[in-house]
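Note sheet for the following structure.
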Amino acid sequence: MPSSHAAGTAEQTPWTGPGSSGSPDAADQDALLVRAIKQSPLLINIFSHDGTLVYANDAVCSQYGITRDQIDDEAIGKYNVLEDESILLIEPARDLQRAFQGETVHCTDVKIPPEVLATRYRELDDDMEAIYQDIMNFPLTDSEGQVIYVVGVQVVKKVYRGRLEIERAKRYIEEHWRDDFSLLRTAQVSGLSRTHFSRLFKKNAGMTPHRYYVDIKIKRIKAFLADPNLSVSQAFSACGVQYHGHSARVFKERTGLSPSQYRKSLGQA
Numbered sequence: 371m372p373s374s375h376a377a378g379t380a381e382q383t384p385w386t387g388p389g390s391s392g393s394p395d396a397a398d399q400d401a402l403l404v405r406a407i408k409q410s411p412l413l414i415n416i417f418s419h420d421g422t423l424v425y426a427n428d429a430v431c432s433q434y435g436i437t438r439d440q441i442d443d444e445a446i447g448k449y450n451v452l453e454d455e456s457i458l459l460i461e462p463a464r465d466l467q468r469a470f471q472g473e474t475v476h477c478t479d480v481k482i483p484p485e486v487l488a489t490r491y492r493e494l495d496d497d498m499e500a501i502y503q504d505i506m507n508f509p510l511t512d513s514e515g516q517v518i519y520v521v522g523v524q525v526v527k528k529v530y531r532g533r534l535e536i537e538r539a540k541r542y543i544e545e546h547w548r549d550d551f552s553l554l555r556t557a558q559v560s561g562l563s564r565t566h567f568s569r570l571f572k573k574n575a576g577m578t579p580h581r582y583y584v585d586i587k588i589k590r591i592k593a594f595l596a597d598p599n600l601s602v603s604q605a606f607s608a609c610g611v612q613y614h615g616h617s618a619r620v621f622k623e624r625t626g627l628s629p630s631q632y633r634k635s636l637g638q639a
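Okay, so the sequence shown: first residue is 371 according to our numbering, each after it adds one.
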């Protein structure tokens, strides 16, 4: 009976590329597995039996904003997950040892704070506040059942950067710029504690919340000073600020000009 394929024509299978034939040999399968791990969208770390990091795939570099050279220089062969005290900040880490004893361990909704990541990868996206992950650690064993490696697979569920909270605070300040500034009230609007809010605001905005508030005040005052029908005192008053030595000094510190000089720079007497 004639073959359904022309003689000499190899069928392409999911395992082979054009021009290949049959199933892959052991070497091809190994190469395929290496490529799958390297290019997997899941975060994959591999540790030796003593806890030393020996491999991290491309998704790890991408997620944490670090280069392959950085991770090779700073973490591979140097970082040891079993000696990392900061891991104790992660509640399910108490089960980590079980994976090195031969068990497969699943943890869900694990919060990874930045101080833990910074221990492993020294250069991180400094806007990152925390990462929530599902984690599975499982052992690789030799022919005698002894653990030789532990593979950690992480599924990132949420990256918390704090930007929404800071944007909410900015909007509040911009809408209440005539009011007296209250750090407590602004932090409450953001949903954060005062200490956390102040630190996160400066990290995201590059200035303190009060400086942001004052800059908006100055911008509004400059707009009112452009109105020739208002005196300097009236321009300040329209912004909820009394015109006196201190407020004039703050204006000059921010703009480099006194209120009168600023008005003259606009071509007004």
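The C-beta atom is built at its ideal place from N, Cα and C for all residues, glycine as well.
According to DSSP, aspartate 549 sits in a beta bridge with which residue or residues? Translated into positions along the sequence shown, residue 549 becomes position 179. Per DSSP, none; premise fails for aspartate 549.
From what residue to what residue does the beta strand (DSSP E) around proline 394 run? Position 24 of the sequence shown, counting from 1, holds the residue named residue 394. For proline 394, no beta strand (DSSP E) run applies, since DSSP gives it neither H nor E.
Go to serine 513, then tell me how far its beta strand (DSSP E) extends in each direction, as first and last residue. Counting from one through the sequence shown, the residue named residue 513 turns up at place 143. Where serine 513 is concerned, there is no enclosing beta strand (DSSP E), given that its DSSP letter is neither H nor E.
Can you give me the Cβ contacts of valine 620 inside the same chain, cut-off strictly under 6 Å, excluding the 5 residues immediately before and after it? The count along the sequence shown starts at 1 and reaches residue 620 at position 250. So no residue of the chain qualifies.
Is it buried or exposed for glycine 378, if we count other Cβ within 10 angstroms and need 16 for buried? The sequence position of residue 378 within the sequence shown is 8, counting from 1. Residue confidence is low: glycine 378 scores 44 on pLDDT, short of 50, so the model does not pin down where it sits. Its coordinate-derived value is still stated next. So glycine 378 counts as exposed.
Look up glycine 472 in the DSSP assignment and say whether it is helix, strand or coil. Residue mapping note: residue 472 aligns to position 102 of the sequence shown, counting from 1. Glycine 472 falls in the coil class under three-state DSSP.
Give the secondary structure of glycine 615 by DSSP, where H, G and I count as helix, E and B as strand, and everything else as coil. Translated into positions along the sequence shown, residue 615 becomes position 245. The DSSP-derived three-state label of glycine 615 is helix.
Can you tell me which residues form a DSSP beta bridge with cysteine 477? As a working note, residue 477 is residue 107 in the sequence shown. Paired residue(s): Ile505.
What separation, rounded to the nearest whole angstrom, lies between the Cα atoms of valine 523 and glutamate 514? Residue numbering aside, residue 523 sits at position 153 when the sequence shown is read from its first letter. Residue numbering aside, residue 514 sits at position 144 when the sequence shown is read from its first letter. Between valine 523 and glutamate 514, the C-alpha separation is close to 24 Å.
Reduced DSSP secondary structure (H/G/I, E/B, other) of proline 372: Taking the sequence shown and counting its residues from 1, the one referred to as residue 372 is at position 2. Low per-residue confidence applies at proline 372: pLDDT is 46, beneath 50, and the placement is therefore not dependable, though the value from the model is reported in the following sentence. Correct three-state label for proline 372: coil.
What did DSSP end up calling threonine 625 once you bin it into helix, strand or coil? Position 255 of the sequence shown, counted from the first residue, corresponds to residue 625. Here threonine 625 sits in helix by DSSP.
Within a Cβ cutoff of 8 Å, which residues of the same chain sit near leucine 600, ignoring the five residues on either side of it in sequence? For the purposes of this step, residue 600 is taken as the residue at position 230 of the sequence shown. Phe594, Ala608.
Once you ignore the five residues that flank leucine 554 on each side, which residues in its own chain have a CB closer than 8 Å to its CB? As a first step, residue 554 is located in the sequence shown; it is residue number 184 there, counting from the start. Arg564, listed in sequence order.
Residue interval of the beta strand (DSSP E) (run including valine 424): On the sequence shown, residue 424 is found 54 positions in, with the first residue counted as 1. It spans 423-426 - the beta strand (DSSP E) in which valine 424 sits, taken as one unbroken run.
Where lysine 448 falls: helix, strand or coil (DSSP): Within the sequence shown, numbered from 1, the residue matching residue 448 stands at position 78. Residue state, collapsed to three classes: coil.
Does glycine 378 come out as helix, strand or coil in the three-state DSSP assignment? Working through the sequence shown from its first residue, we reach residue 378 at position 8. For glycine 378, the pLDDT reaches just 44, beneath the cut-off of 50, and the residue's location in the model is therefore unreliable, although a value from the coordinates is still provided. Correct three-state label for glycine 378: coil.
Within a Cβ cutoff of 7 Å, which residues of the same chain sit near serine 410, ignoring the five residues on either side of it in sequence? One-based indexing of the sequence shown puts residue 410 at position 40. Same-chain partners within the cutoff: Asn427, Ala429.
What is the DSSP secondary structure of serine 456, reduced to helix, strand or coil? Within the sequence shown, numbered from 1, the residue matching residue 456 stands at position 86. The answer is helix: DSSP assigns serine 456 an H, G or I state.
For a test of the three-state rule: what should DSSP assign to alanine 500, helix, strand or coil? Numbered from 1 along the sequence shown, position 130 holds the residue referred to as residue 500. Strand, per DSSP.
I'd like the span of the alpha helix (DSSP H) that includes asparagine 574, first residue to last. As a position in the sequence shown, residue 574 is number 204, starting the count at 1. Looking at the DSSP string, the run of the alpha helix (DSSP H) that includes asparagine 574 is 564-575.
Looking at the ligand MG, does it come within less than 6 Å of serine 418, judged from the CB to the closest heavy atom? No copy of the ligand MG occurs in the structure displayed, which carries no ligand at all.
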